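Visitor: Numbering (the working numbering), first residue to last: 52 to 344. Got a structure for you, written out below as structure tokens; questions coming shortly.
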């Protein structure tokens, strides 16, 4: 017998031994709220689901931000967490961060199915597997792997360049393995930044051609003098730098330095082979002469 103002429970038989109380629309009170009726919540058709469009393997550039997205439908009032698998550290719960490392953030727009973990200023140790977890019982989780690539710079002219005074120093820096063009490419002569030190040396020219995967930066130093000798560095953003040592010669260039590091690699290899062949030929001659004696 129900008293006034009490909810009218409605029972529905289930295959299990227990029955479930449904929300009664006649009274508007009692039982589970309409947003989460128990029978519907336990029904597999109404449980949360990971969307198949979720990207399981994410690649980002070292030093830049990485975004790991997790798309969930029918979440209801469940909570989404991001967990780092290697140490089972909880990074975010809902939109709150649960780590002292301020590089980790949770991004979610109200009404959206996307729950994104942002890792700012990525470091090498950030690579690995992250779990997107839903607070169901048992837990539902989806693994997302993060790989980090390191952009590299190299100077085409090699590690050493020998040049006669009065000539122009031409250096080309090639940046590869970049997920996006570098924001900047700085050139240094020893400890001095060339880009913003034009008053120190007149006539210097720099030009950068940015591409999606490869970027070229060129440096020209006209009328080279001995004081232009030294270490030149190409330092792009979010990439390993490259260095070259420039030797400006004021006198006659020694024969051993005619090509320096600018010589064609195939020509240098061919010269080495000729040298080895000559030595072997001499050895055979000496052996032949010794046998005849």
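Idealized CB from N, CA, C, for every residue including glycine. As the structure is a computational prediction, the values presented were derived from the model and not from experiment.
Looking at the strands, I want to know which residues DSSP matches up with residue 130.
Guide: Paired residues: none, contrary to the question.
Visitor: Under three-state DSSP, which class holds residue 138?
Guide: Note: residue 138 maps to coil in three-state DSSP.
Visitor: Could you tell me the alpha carbon to alpha carbon distance between residue 105 and residue 120, rounded to whole angstroms?
Guide: The alpha-carbon atoms of residue 105 and residue 120 are separated by roughly 7 Å.
Visitor: Which residues in the same chain have their Cβ closer than 6 Å to the Cβ of residue 287, if we skip the five residues on either side of it in sequence?
Guide: So the qualifying residues of the chain are 204, 226, 233 and 236.
Visitor: State buried or exposed for residue 276, treating a residue as buried only when at least 16 other CB atoms are found within 10 Å of its CB.
Guide: Looking at its Cβ environment, which holds fewer than 16 other Cβ atoms inside 10 Å, residue 276 is exposed.
Visitor: Considering only the alpha carbon of each residue, which of 252, 231 and 185 lies closest to residue 264?
Guide: Closest by alpha carbon: 231.
Visitor: Can you give me the C-alpha to C-alpha distance between residue 348 and residue 216, rounded to a whole angstrom?
Guide: A query on residue 348 cannot be resolved here, the shown segment of the chain reaching from 52 to 344 and no further.
Visitor: Taking the alpha-carbon positions, what's the residue 191 to residue 170 distance?
Guide: Their backbone Cα atoms lie some 22 Å apart in a straight line.
Visitor: Using only alpha-carbon positions, find the residue among 197, 298, 114 and 161 that is nearest to residue 128.
Guide: Answer by Cα proximity: 161.
Visitor: Under three-state DSSP, which class holds residue 173?
Guide: Looking at residue 173 - three-state DSSP - the assignment turns out to be coil, as it is neither helix nor strand.
Visitor: So the candidates are 253, 245 and 252; which of them puts its Cα closest to the Cα of residue 268?
Guide: Among 253, 245 and 252, the Cα nearest to that of residue 268 is on 245.
Visitor: Residue 287 lies in the beta strand (DSSP E); which residues open and close that run?
Guide: Its beta strand (DSSP E) spans residues 281-287.
Visitor: According to the Cβ coordinates, are residue 185 and residue 123 closer than 9 Å?
Guide: Yes, Cβ-Cβ distance for residue 185 and residue 123 is below 9 Å.
Visitor: Which residue from 108, 211 and 113 puts its Cα closest to that of residue 291?
Guide: Comparing Cα-Cα distances from residue 291 to each of 108, 211 and 113, the minimum goes to 113.
Visitor: Are there 16 or more other CB atoms within 10 angstroms of the CB of residue 301, so buried, or fewer, so exposed?
Guide: Its Cβ having fewer than 16 others within 10 Å, residue 301 is exposed.
Visitor: Who are the Cβ neighbours of residue 210 in its own chain at under 8 Å, not counting the five residues just before and after it?
Guide: The residues are 294, 295, 296 and 312.
Visitor: In angstroms with no decimal places, state the Cα-to-Cα distance between residue 179 and residue 137.
Guide: Cα to Cα, the separation comes out at about 7 Å.
Visitor: Just reading off the beta strand (DSSP E) that residue 203 is part of, what are its end residues?
Guide: Segment 202-206, the beta strand (DSSP E) holding residue 203.
Visitor: Where does the unbroken beta strand (DSSP E) through residue 245 begin, and where does it stop?
Guide: No beta strand (DSSP E) contains residue 245, which DSSP labels as neither H nor E.
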